[in-house]
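The block underneath contains the structure these notes are about, expressed in structure tokens.
In the working numbering, the protein residues as written are 784 to 1145.
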């Protein structure tokens, strides 16, 4: 069933964005796929624009420039490694994203069906597919792979398989920096299972240790290459990101919007998505496990701690707890399904077309 839903959604996304690339203006942004004086627009290359361009270049020639180190290595490494088979780096990377996302949806459904019910699982999966920025999961981005590894962590935790969850965290931490936050969820899950009592600690506590290996590997690599183990943080200044508390960042964005009538539209959507997801997590805290809630909240608060909410509509895809809460809400209020899904799909069609045509989305 999940396969059929995915294929239907993926074909629809292709049709909408392909026709949109023909019908609407294209941006000459200098990115992959964008039209120039010497080459025409390339639909498939356009799926590797913006951050996707960094991943594509890293897969092609490795880490060369300082800006590259903001992008964690597992996704471009897989694209390069599997390219030995396919001999087409663009196709290989997109295949990794699409297959990873399909596996994510399958495991997400199974996880929710085991923990809640079939209806809640279906509601959550469809809500996720309809979300306005879900198309990033099948672009030349690390989103699809990261979502797969993240849901594996909570799938294993639900089955009380701590070691397997720790192993999944290794790879998640090599995919995106926020993957390191999964370590906190793992630690909390273990100690809550023994009622936070020291005398109940068993040898299984050692299973927590491997979860730090992914972060340790990339930090060691950065120390070797840059003499700065936290280069992935330092490089954020290139995108005007600086350490700040998330509350000040959110309040600052509210202030800008209310005092500047010419604020970019993206600033409105970044703030709106942030507030919606925070509200759902706060009011739905009892609807999901504490370990999932902790990670879902950190997915929002950590990016918000950089002084900007830029890209938040894409980052929140990893806040899986929100989609679980929404799945339960739609089970309680089924009349909301059609309007929410239709409105979300309409926005997704607009944003996906905008992205493919070379305009900034998130």
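Idealized CB from N, CA, C, for every residue including glycine. Just so you know, these numbers come straight off a predicted model, no measurement behind them.
(request) Determine contact between the region 1119-1139 and the region 826-836, defined as no fewer than three beta-carbon pairs at a distance below 8 Å. (result) yes
(request) Go through its chain and collect everything with a Cβ distance to residue 1081's Cβ below 6 Å, but skip five positions before and after it. (result) 964
(message) DSSP three-state label for residue 920, please.
(response) helix
(request) Return helix, strand or coil for residue 826, following the three-state DSSP convention. (result) coil
(message) Does the region 873-882 come into contact with the region 851-865, if we say contact requires no fewer than three beta-carbon pairs (one atom in each stretch) closer than 8 Å?
(response) yes
(request) Could you spell out the range, first to last residue, of the alpha helix (DSSP H) harbouring residue 801? (result) 785-806
(request) Taking the CB atoms as reference points, tell me whether residue 930 and residue 1145 lie closer together than 8 Å. (result) no
(message) Rounded to the nearest angstrom, what separates residue 842 and residue 1122 at their Cα positions?
(response) 41 Å
(message) Relative to the C-alpha of residue 996, which candidate in 977, 972, 1007 and 955 has its C-alpha closest?
(response) 955
(request) State the start and end residues of the unbroken alpha helix (DSSP H) segment that holds residue 840. (result) 834-844
(message) Applying the 10 Å Cβ sphere with the 16-neighbour rule, what's the burial state of residue 1022?
(response) exposed
(request) Determine the direct distance from the alpha carbon of residue 981 to that of residue 825, and round the result to whole angstroms. (result) 59 Å
(message) My output table needs one value for residue 995: the three-state DSSP class, helix, strand or coil.
(response) helix
(request) For residue 1022, name the three-state secondary structure that DSSP assigns. (result) helix
(message) Within 10 Å of its beta-carbon, does residue 1028 have 16 or more other beta-carbons around it, so buried, or fewer, so exposed?
(response) exposed
(request) Count the CB pairs spanning the region 1115-1130 and the region 1087-1104 that are closer than 8 Å, and state whether there are at least three. (result) no
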